[in-house]
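Numbering (the numbering used here), first residue to last: 17 to 128.
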């Protein structure tokens, strides 16, 4: 199986299975920086907080969460988590993009 590791020189090494014995290096800055940037992580974390809304979901604001997630996704289009939360908000939001009135800070998962 492939495995990824990075070193102090900001080079990401992708190592193919032992039988292949080949190594491919890609600059980590190009491949990973947006998702590992401190500002990105802060914005994503804030978006999740607005999505969840604290205890019982009473402080949720999906309009703010959506705006932050769209910004995160525009900076890092390969971010599956931002995209997934945007899709949940799109599918569940009420009028004006707000969380449902009965939002309790979680949703029941319907698939694995």
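All C-beta atoms, glycine included, are put in the ideal place defined by N, C-alpha and C.
These figures come from a predicted structure and were not determined experimentally.
So, is residue i buried or exposed, given that buried needs 16 or more other C-beta atoms within 10 angstroms?
i, result
"residue 125", "exposed"
"residue 82", "buried"
"residue 107", "exposed"
"residue 115", "buried"
"residue 54", "exposed"
"residue 63", "buried"
Which class does residue i belong to by DSSP, given the choice of helix, strand or coil?
i, result
"residue 39", "Here the model assigns residue 39 a pLDDT of 40, short of 50, so the residue's position is not dependable and the matter cannot be decided."
"residue 106", "helix"
"residue 59", "helix"
"residue 123", "coil"
"residue 69", "coil"
"residue 88", "helix"
"residue 93", "coil"
"residue 81", "helix"
"residue 100", "helix"
"residue 111", "helix"
Are any of the Cβ atoms in chain B nearer than 8 Å to that of residue i?
i, result
"residue 125", "Among the chains of the structure shown, chain B does not appear; only one protein chain is present."
Roughly how far, in whole angstroms, is the beta-carbon of residue i from the beta-carbon of residue j, given that I think they are within contact range, below 8 Å?
i, j, result
"residue 11", "residue 85", "Shown here, the chain extends from 17 to 128; a query on residue 11 therefore has no answer."
"residue 72", "residue 121", "6 Å"
"residue 119", "residue 70", "With 8 Å as the limit, residue 119 and residue 70 do not qualify as a contact, their Cβ atoms being about 11 Å apart."
"residue 105", "residue 66", "About 10 Å separates the two Cβ atoms, so there is no contact after all."
Please find out if some non-hydrogen atom of the ligand MG comes closer than 7 Å to the beta-carbon of residue i.
i, result
"residue 89", "This structure lacks the ligand MG, and indeed carries no ligand of any kind."
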